[in-house]
Amino acid sequence: MRLGMWLKLACVGSDAFLFKRDKPVVGSIILTDRCNLSCRHCAVGNSTGLVYPHAEIRSEMRKLLSDGVRILFFYGGEPFLWEDEGVTLGDLVAEAKGMGFLLVNVVTNGTFPLDLPEADLLLVSLDGGRESHNAIRGDTYDRVLGNVRCAPTGNICLYMAVNRINKGDIGEVCRTAKRLRNVKAVSFNFHTPYPGTEDLKLDREEKRACCERIGELMDQGFPVLNLRSAFGQIADNSFPTPCRRCVVLENGREWVCGRCIDIDGLCRECGYFFAAEFSLLFSGHWKVVMDMVRTYARYI
Numbered sequence: 001m002r003l004g005m006w007l008k009l010a011c012v013g014s015d016a017f018l019f020k021r022d023k024p025v026v027g028s029i030i031l032t033d034r035c036n037l038s039c040r041h042c043a044v045g046n047s048t049g050l051v052y053p054h055a056e057i058r059s060e061m062r063k064l065l066s067d068g069v070r071i072l073f074f075y076g077g078e079p080f081l082w083e084d085e086g087v088t089l090g091d092l093v094a095e096a097k098g099m100g101f102l103l104v105n106v107v108t109n110g111t112f113p114l115d116l117p118e119a120d121l122l123l124v125s126l127d128g129g130r131e132s133h134n135a136i137r138g139d140t141y142d143r144v145l146g147n148v149r150c151a152p153t154g155n156i157c158l159y160m161a162v163n164r165i166n167k168g169d170i171g172e173v174c175r176t177a178k179r180l181r182n183v184k185a186v187s188f189n190f191h192t193p194y195p196g197t198e199d200l201k202l203d204r205e206e207k208r209a210c211c212e213r214i215g216e217l218m219d220q221g222f223p224v225l226n227l228r229s230a231f232g233q234i235a236d237n238s239f240p241t242p243c244r245r246c247v248v249l250e251n252g253r254e255w256v257c258g259r260c261i262d263i264d265g266l267c268r269e270c271g272y273f274f275a276a277e278f279s280l281l282f283s284g285h286w287k288v289v290m291d292m293v294r295t296y297a298r299y300i
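No gaps in the numbering here: position 182 of the sequence shown is 182 in the UniProt record's numbering, and each next residue is one more.
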């Protein structure tokens with residue numbers, strides 16, 4: 001991470017942490033819900049097929065920036081399907097950086113060429129080894145890894161949603177991340193059981209076992225972009241919810257933390273490590289603060 005960017009992020013975080021300012025720091029914009037896949041764990045893709053216009057996305061970026069957000073994520077659907085009047089995803093990321101966002105990240109299924117040097121991080125979904133990944137996402141494993149290998153810049157972080165199908169593949173994904181030269185790290189989530197996907201969710205004991213396994217791999221030197229200091233609360237779902245430092249915007253609507261807040265009881269089953277980590281960070285957990293400083297300085 002560049003020193004100037006690090007200092008600016010530290011100022012933003014210190015302001016929110018020390019003065020308990022109730023304003024968002026992390027923002028996510030849904031560019032489209034169009035997707036070229038039909039993943040087994042997904043409950044939101046292709047529900048409308050809309051691609052939101054550039055003017056609307058620009059307005060949402062300006063709002064987030066004025067609200068205090070400095071870390072921005074672009075999501076889909078599949079973000080690489082987004083284009084409006086000649087404006088591409090790369091143009092959009094560059095525009096966000098020019099506006100003043102300090103980190104701009106894109107979450108993708110990895111089935112399109114990963115040529116996006118404008119992004120700070122490309123979070124590429126890899127949900128296990130070949131068998132598990134393909135059982136969840138269709139026959140895409142080899143294409144995703146091929147795109148990762150051919151990516152021109154080293155801004156990739158593998159992104160695994162751990163569920164009942166792939167919980168035994170955590171080590172394999174870590175080994176893949178370490179083996180590929182242009183992958184910085186791997187980041188984990190647990191499956192959040194949206195309606196219709198409840199059969200994939202892990203129970204508390206399974207989550208604890210997975211966190212223990214991730215910790216063992218971290219001890220062995222595998223690159224993991226998650227905070228070990230938060231694992232206990234993540235496994236037990238005992239972190240404060242919703243995380244008021246995170247917001248999501250889509251098509252004129254805004255949610256605190258995430259769209260799952262609309263579904264009764266789903267916050268108590270949240271599997272998003274980032275939401276848990278930021279929630280604990282701004283709740284005054286000093287171990288999480290120090291852990292984030294060390295981890296983000298190393299991998300971002």
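Where a beta carbon is used, it is the ideal one built from N, C-alpha and C, also for glycine.
Please read all numbers here as calculations on a predicted model, not as lab measurements.
For C270, there is no enclosing alpha helix (DSSP H), since its DSSP letter is neither H nor E. Assignment of R253 by DSSP, reduced to helix, strand and coil, places it in the strand class.
Note that the stretch 250 to 260 does not touch the stretch 217 to 225; fewer than 3 beta-carbon pairs, one per stretch, sit closer than 8 Å. In the three-state DSSP reduction, C42 falls in the coil class, being neither helix nor strand. A Cβ-Cβ contact shorter than 8 Å links A161 with H191. Looking at the DSSP output, D84 bridges to V87. Under DSSP, A235 shares a beta bridge with no residue.
Restricting attention to beta strand (DSSP E) runs no shorter than 3 residues, the stretch 161 to 227 encloses them at 183 to 190, ordered along the chain. Contact between the stretch 228 to 236 and the stretch 258 to 267 is absent, with fewer than three C-beta pairs closer than 8 Å. The bridge partners DSSP lists for N105 are F73 and L121.
Within its own chain, the residues whose Cβ lies closer than 8 Å to the Cβ of D22, once the five positions on either side in sequence are excluded, are R244, listed in chain order. For G27, the number of other beta carbons within 10 angstroms of its own is at least 16, and it is reported as buried. In this structure, the beta-carbon distance from L122 to I156 falls below 8 Å.
Only buried fits M292, as 16 or more other CB atoms lie within 10 angstroms of its CB. When the beta-carbon positions are compared, T197 and H41 come within less than 8 Å of each other.
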